[in-house]
Amino acid sequence: MGISCLFIRAIFAACGMYYLTGVTPEDTLYDPLPMYHTVGGIIGPGMCLVQGTSVAIRRKFINIDGKPGAIGFVSVLIPSVYPVALIKIDEDTGKPLRDENGLCLLCKPGEPGEFVGRIVRNDPIRDFHGYADKQATESKIVRDVWAKGDAAFLSGDILVMDEEGYLYFKDRRGDTFRWKGENVSTTEVEGIISQVVQLTDVVVYGVEVPGAEGRAGMAAIMDPEKKVDLEKLAAGVQKCLPGYAQPLFIRIVTKLDMTGNL
Numbered sequence: 001m002g003i004s005c006l007f008i009r010a011i012f013a014a015c016g017m018y019y020l021t022g023v024t025p026e027d028t029l030y031d032p033l034p035m036y037h038t039v040g041g042i043i044g045p046g047m048c049l050v051q052g053t054s055v056a057i058r059r060k061f062i063n064i065d066g067k068p069g070a071i072g073f074v075s076v077l078i079p080s081v082y083p084v085a086l087i088k089i090d091e092d093t094g095k096p097l098r099d100e101n102g103l104c105l106l107c108k109p110g111e112p113g114e115f116v117g118r119i120v121r122n123d124p125i126r127d128f129h130g131y132a133d134k135q136a137t138e139s140k141i142v143r144d145v146w147a148k149g150d151a152a153f154l155s156g157d158i159l160v161m162d163e164e165g166y167l168y169f170k171d172r173r174g175d176t177f178r179w180k181g182e183n184v185s186t187t188e189v190e191g192i193i194s195q196v197v198q199l200t201d202v203v204v205y206g207v208e209v210p211g212a213e214g215r216a217g218m219a220a221i222m223d224p225e226k227k228v229d230l231e232k233l234a235a236g237v238q239k240c241l242p243g244y245a246q247p248l249f250i251r252i253v254t255k256l257d258m259t260g261n262l
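Be aware that the sequence shown starts at 1, since it is given in the UniProt record's numbering, and climbs by one per residue.
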């Protein structure tokens, strides 16, 4: 499904970017993006049409050599050149698995792992300044990855690398948790609960239970008016979800922490 864009709006967008970036008619813009993309189809070509700037357009959106599904590449011959790695994660605790020397275990081809990037202090590209909350900053850093004393940024993305070095997206850490030996998708459970209670603000996550392995499901439902029918919720969850995915705990809250939109 496409979207409509007034011609005058496209012209203003192209002109605005032209003057904002300081591009001149003598410059040549390289446009590798799909033409249906705002930047690829309006901003780039628009500066060409309005201001006379040259635009070099690829015949198709580039995925390096066209490897289907790949989102990146790391050389298997000289991996040390790349400041990234896939590390093994304990599915129950979410913490990195380590060898006898205390270093992170790196994934072999075909093994899923969390994508991390080396942190280099005072490097404009590889430094990580973190958040205002120091605890939140520390939770995104893993130490002793390649060698004692180093540090890397935890992306939260679970990827898989094939034998040629191509990377494929698998999951987001935090969007799943394990309970009774099964992986539970928080997105799936949130969707079911939202349908049953007719409320969109639902957050599902795993919580530790003393004496039990893995994490049990907890569903936080924002219901300031307290209209949720718990019996209906229980019946709907039991009908639509397997036993291991059914939340064991329900929290009725008046508000949820949300990320603000610009």
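Here a beta-carbon is modelled for each residue, glycine too, at the ideal position from N, C-alpha and C. All values reported here derive from a predicted model rather than from experimental measurement.
- S75 carries a coil assignment under DSSP once its states are collapsed to helix, strand and coil.
- Remark: three or more beta-carbon pairs, one from each stretch, lie closer than 8 Å, so the stretch 45-54 and the stretch 26-36 are flagged as touching.
- Buried is the label assigned to G44, since at least 16 other Cβ atoms lie within 10 Å of its Cβ.
- Ranked by how close their Cα comes to the Cα of L154, the residues F169, D175, T186 and R118 have R118 in first place.
- Take D175, set aside five residues on each side of it, and the residues of its chain with a beta-carbon closer than 8 Å to its own are S185, T186 and T187, in chain order.
- For Y19, the enclosing alpha helix (DSSP H) starts and ends at F7 to T21.
- Secondary structure of K95 (DSSP, three-state): coil.
- Apart from sequence neighbours up to five positions away, no residue of its chain approaches K148 with a beta-carbon distance below 6 Å.
- If the five residues before and after Y82 are omitted, its C-beta is found closer than 6 Å to the C-beta atoms of V74, all from its own chain and listed in chain order.
- When secondary structure is reduced to three states using DSSP, Y166 falls in the strand class.
- If you keep only unbroken beta strand (DSSP E) runs of at least 3 residues inside the stretch 113-157, you get 113-118 and 141-143.
- Per the coordinates, the alpha-carbon of I71 lies some 44 Å from the alpha-carbon of D229.
- Here the alpha carbons of Y244 and M218 stand approximately 12 Å from one another.
- DSSP, read as helix, strand or coil, puts M218 in strand.
- In this structure A216 is in contact with W179, their Cβ atoms being roughly 6 Å apart against a cut-off of 8 Å.
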